[in-house]
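Trainee: Residue numbers (our numbering): 421 to 904. Positions of the beta carbon are idealized from the N, C-alpha and C atoms, including for glycine.
1) Let me check understanding here. Comparing Cα to Cα, which of 859, 847, 822 lies closest to residue 876?
2) How big is the Cα-Cα spacing for residue 601 and residue 504?
3) Just confirm the distance between the C-beta atoms of residue 644 and residue 680, as a whole number of angstroms; I'd bet it's less than 8 Å.
4) Relative to the C-alpha of residue 649, which residue among 673, 618, 603 is closest?
5) Compare the C-alpha of residue 512 against each of 496, 490, 526, 482 and name the closest.
6) Would you say residue 750 and residue 721 are within 8 Å of each other, going by their C-beta atoms?
7) Buried or exposed: which applies to residue 651, given that a residue is buried once 16 or more other Cβ atoms fall within 10 Å of its Cβ?
8) Check this for me: beta carbons of residue 589 and residue 611, under 8 Å apart or not?
9) Which word fits residue 727, buried or exposed, when buried means at least 16 other C-beta atoms lie within 10 angstroms of its C-beta?
10) Contact check, residue 908 vs residue 807 under 8 Å by CB: the rounded distance?
11) Leaving out five residues before and five after residue 460 in sequence, what residues of the same chain have Cβ atoms less than 7 Å from its Cβ?
12) Determine, using beta carbons only, whether residue 683 and residue 654 come nearer to each other than 8 Å.
13) I believe residue 718 touches residue 753 by the beta-carbon criterion, under 8 Å. Please report the beta-carbon distance rounded to the nearest angstrom.
14) Which full runs of the beta strand (DSSP E) of 3+ residues lie inside the region 760 to 809, going along the chain?
15) So, helix, strand or coil for residue 865, using DSSP?
16) Does DSSP classify residue 620 as helix, strand or coil?
17) What residue does the alpha helix (DSSP H) around residue 497 start on, and which one ends it?
18) Using the C-alpha atoms, what's the distance from residue 862 back to residue 869?
19) Whole angstroms are fine: how far does the CA of residue 594 sit from the CA of residue 568?
20) For residue 739 and residue 791, which I take to be in contact (beta-carbon distance under 8 Å), what is that distance rounded to the nearest angstrom?
21) Output the residue ranges of the alpha helix (DSSP H) runs that lie fully inside the region 711 to 769 and measure 4 residues or longer, sorted by chain position.
22) What's the gap between the Cα of residue 521 and the Cα of residue 476?
23) Give the range of the alpha helix (DSSP H) segment to which residue 598 is assigned.
24) Cα separation between residue 709 and residue 487?
25) Can you tell which of 558, 564, 867, 565 has its C-alpha closest to the C-alpha of residue 574?
26) Short check: CB of residue 836 to CB of residue 855, under 8 Å?
27) Considering only residues of the region 642 to 705, which uninterrupted alpha helix (DSSP H) runs meet the minimum length of 4 residues and lie entirely inside it, listed in chain order?
28) Taking residue 743 and residue 736 to be in contact with their CB atoms under 8 Å, please state how far apart those CB atoms are, rounded to whole angstroms.
29) Out of curiosity, what's the CA-to-CA distance linking residue 731 and residue 692?
30) Is it right to say residue 485 is buried, meaning 16 or more other beta carbons lie within 10 angstroms of its own, or is it exposed?
31) According to the neighbour-count rule (16 or more other Cβ atoms, all chains shown, within 10 Å of its Cβ), is residue 554 buried or exposed?
32) Note down, in chain order, each residue of its chain lying with its Cβ closer than 7 Å to the Cβ of residue 713, except the 5 sequence neighbours on either side.
33) When the distance is taken between beta carbons, is residue 676 closer than 8 Å to residue 638?
34) What's the gap between the Cα of residue 478 and the Cα of residue 641?
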């Protein structure tokens, strides 16, 4: 326009600013503002609000804040629209403290409360897991008569579910229906997942029935959540019925669907049905994954069918499905049930050779097999290996050791002293002192450094009389356990 010697007026600039408040035009919007000021025109509150809103939507929150400060410096009074944009922007940027500050300022200024502001704050509090503050804000909305929309309801239902307040979440869902606000897929999914996690399967299924009657899109995730809840509640027939409904409604089952059902059937001892479901899955074109194979190997292992487990492992190798520790443990379960000790030890060696580290369960299965076979000579090195492993949870290792001792089998001095040292170094002093007492009760000489002795003494985890009772024993006096 200026090249044509046409000078833009205030109306022109206002129209340009309105046009440029669209995604992707932030730079041009800022440049238009600068030219407007250079030409002697003053920005109005509306101009500022439009620009601040666009900057917030583009994620340029610091630039929006600078403009807000400029607005106040030049004597313009921010209104509720200004604050709404900034609060929304801060919430989106996960700058909750800034959002709270501006929200408090809006309250102090007596600015009218907008639903979008409350919804933004609810979402930010929920995301930050500040559930009590979210619930307080919701109560404030109710007191002020602010009409909740679907987004606000969904946010609050999700928030209450995450906070473990499942009854409140379910009540709010009922209130949502009563208020004329139609729940959507997000509402149903969030509530079903929360209720199932709480073990409230009946209510979750009731919500699922509402979902089926609605016009919402049904996807595998919702069905999977419902089936998972039913499986955990041992309602396998009902879970299988949901699978039939899923197919009837044209929703394709996923690998997660089959994995959930196969695992549930296995835990109920319905092995034949679990295997049939896997075959059906393959026929439908869904390839079993390592989770499904792991479930099946453990199901078969629990009933002592090692040959069937081997068949599945061969199938996994042929299909290129990686073997993991869960799969191997299924085989170890079968071998333990049949008392195949040598084969169990061979499997553990194979695991190490293939780069699959045995976990505590692997070792426990082998140790139990050796205890049943009364094979003390081969049990000692297995326990020593488990204790020496650097990446196993120490509390789980100690639990296996305690169970072994309770079964009348005392691990070697090497294993017990190594574990005693590890427990002390890890600061697990109660366990260390308990183990020390067990060792002495089993006539196993503890090898304690002076530092370990001092740590155990200073922790006051052992009765002084404990030290006194053994003070005259040569092995303990030499180790610094004398009370003198």
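Mentor: On the basis of the supplied data:
1) 847
2) 23 Å
3) 6 Å
4) 618
5) 482
6) yes
7) buried
8) yes
9) exposed
10) This structure does not reach residue 908, given that the chain is present from 421 up to 904, and the question cannot be answered.
11) Only weak support exists for where residue 460 lies, its pLDDT of 48 falling under 50; the coordinates are left without a value.
12) no
13) 6 Å
14) none
15) coil
16) coil
17) Here residue 497 belongs to no alpha helix (DSSP H), and DSSP marks it neither H nor E.
18) 20 Å
19) 13 Å
20) Actually they do not touch by this definition, with Cβ atoms about 36 Å apart.
21) 726 to 739, 745 to 758
22) 17 Å
23) 586 to 598
24) 54 Å
25) 558
26) yes
27) 656 to 668, 675 to 687, 691 to 703
28) 6 Å
29) 15 Å
30) buried
31) buried
32) 732, 736, 741, 747
33) no
34) 32 Å
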